[in-house]
Each structure stands twice: as C-alpha cells, then as structure tokens.
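Numbering (this note's numbering), first residue to last: -19 to 270. Working notes for the structure below.
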C-alpha cells in the first residue's frame, strides 16, 4: 500500500494535486490551492530538495557494501583479481604502449585527454542540463535534463571518491620511473591510482547508457574507453589504474541511475525533483510506502 503527493511551481504560483493509492486503485482527491510563493522561495526550496537527494544518494553509495549479495561479491572479487593481475603486468603493458607511440597517436590522445578533463566533463553536463531545460516542454527535453542531473551528480561523487583514494594510496605515476609498485600515501592528490579520467568518463557513460537506447550506450562506452586508453598511451597511468577507475566510475553511474529509478529503496518516504508538464517549471514529489 502506498500514497503519492505531487506539487509543482509554475508561472502563476504554486499548485498541487494529490492522489491516494490503495490496493492498486488510484482515487484523485482533486486540486487544492496553497499560497503563492516568491521566485526566491521556490529556488531555495528546490536547492534544499536537491541537497536532501544528494545526501540520500551518498548514504546509498556508502552503505552499498552492506547490501552486497553472493553474485555481486563474485563480480567484485573478479574485478579485484583483474586489477591485481594487471598490476603484475603493468610494466610490460606500459612498455608496449610507449614503444609504439607516434606523433599522430599523440595528437589523437591529446584530444581524448582533453575530453576527459574534469572541467570538460563538468561543462558538458551543465550544457546538457541547460539544453534539457530549454526544451523541457518536450519529453525528450525532460529526459535529457533528468539524465544530466544524474550524470552531474555521478561526476561529483567520482571526483570526491577518486581524490580521497589517490591521496590515501599514493601510487607514483609511470612517468616518474619509480617502478610499478611504489606508493607514497598521504603525500599528494596528483597520484596514479585510480585514473580520474577513466572514472568520470565511465560514470557519465553508464548514466547515459542506462537512460537511452542504442546507439547511445555504444557511443558513450567507446568514448570512455578511448579516453581511458589515452592515459596509458600518454604514460600518465598504468593499465591497472585505468581499469580500477573505469570499474569505480561504472559502479557509481549504474548505482545512481538505479537509485533514481527506485527512490524509496532506503526510506519509507522520499522527496524527489521532477518536471511535471510541458511548461510547468520544476516540481517535487513526496512518495511514501507503508
């Protein structure tokens, strides 16, 4: 049994509709009116709601290891074993890439490196949000804006988690010629493990692959893979750094996509943003289960 309350902010003020759901039957209780709020109040309310969502999503990510099942444990173990195996082969892989570098390859790698910078990905996410907002009167615009929000959130979580991991692990970069197993923890954020380029590109790819049909997933993952490979080619990361970053980003993107499709997974009641109709602006829903 569940209930749903929905409201939205539009040009004429603040309105809402309320539904009561019982035993899969929906009974409309009709529209009600509430006092008009100012534009500033609406912005503050929306920011507060988004802040609550981010905190809730952070809780979901941080507690995810407590919900791991047998199948997921096997997958995590397989990924960890792959990363460990690559660490043993990192020197050979690095040598193969560096021995086959060309000027043309360097130029191509530079393009993909730029695509994977934090500022580039952030700018793309913001641009997609803006495009979705401009065309919010269409379902495709709403969809783009919602996907852009999850993608932006995924990137922000990636930046934080990768930064902390880099600082704690402190693996030296391949260009420093200290070997593949030199670690200086808690000394610098500019370290090798894991690859931030791989993590953020695969996080964004996972979000868009979850939200759109082919060919978007193929294009997204191909771009993420090329961005990741460019870091090995440029001698900025070992192969194991890239695989670890890609796995982390993929997990965060997938997890947050699933979380936003199942907003009441951790709570009996949730507040979530939504774009209700063609020209109604932003809104929010309160959904409870009992």
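Glycine residues also receive a C-beta, built at the ideal position from the N, C-alpha and C atoms. Note that the structure is predicted; figures quoted are calculated from it, not measured.
Short of 6 Å from the beta carbon of residue 162, and not among the five residues preceding or following it, lie these beta carbons of its own chain, in chain order: 152. Going by C-alpha positions, residue 236 is about 37 Å away from residue 158.
Residue 144 has its alpha-carbon roughly 9 Å from the corresponding atom of residue 166. Counting C-beta pairs closer than 8 Å gives three or more between the stretch 221 to 235 and the stretch 171 to 179, which meets the contact rule. Taking residue 212 as the centre and dropping the five residues before and after it, the same chain places the C-beta of 73, 74, 77, 218, 219, 222 closer than 8 Å to its C-beta, in chain order. Of the residues 232, 214, 135, the one whose Cα lies closest to the Cα of residue 82 is 214. With contacts defined as CB atoms closer than 7 Å, residue 150 and residue 164 qualify as a contacting pair.
Between the alpha carbons of residue 208 and residue 155 lies a gap of roughly 17 Å. Measuring C-alpha to C-alpha distances from residue 123 to each of 192, 43, 35, 36 identifies 192 as the nearest. Distance from the CA of residue 38 to the CA of residue 137, rounded to the nearest whole angstrom, comes to 8 Å. For the pair residue 201 and residue 185, the CB atoms are nearer than the 7 Å cut-off. Spanning the alpha carbons of residue 100 and residue 181 requires a straight line of approximately 10 Å. If you look at residue 201, you'll find it in the alpha helix (DSSP H) that goes 196 to 213.
When only Cα atoms are considered, residue 232 and residue 80 end up about 33 Å apart. Following the DSSP letters along the chain, one finds residue 133 inside the alpha helix (DSSP H) bounded by residues 119 to 149. Per DSSP, residue 83 is one residue of the alpha helix (DSSP H) stretching across 83 to 96. Around the beta-carbon of residue 106, fewer than 16 other beta-carbon atoms lie within 10 Å, marking it exposed. The three-state secondary structure of residue 163, taken from DSSP, is strand.
Each residue's CA atom was taken as its position, placing residue 117 and residue 60 some 45 Å apart. Bounds of any alpha helix (DSSP H) do not take in residue 49, whose DSSP letter is neither H nor E. Classified as buried, residue 190 has 16 or more neighbouring CB atoms from the shown chains inside 10 Å of its CB.
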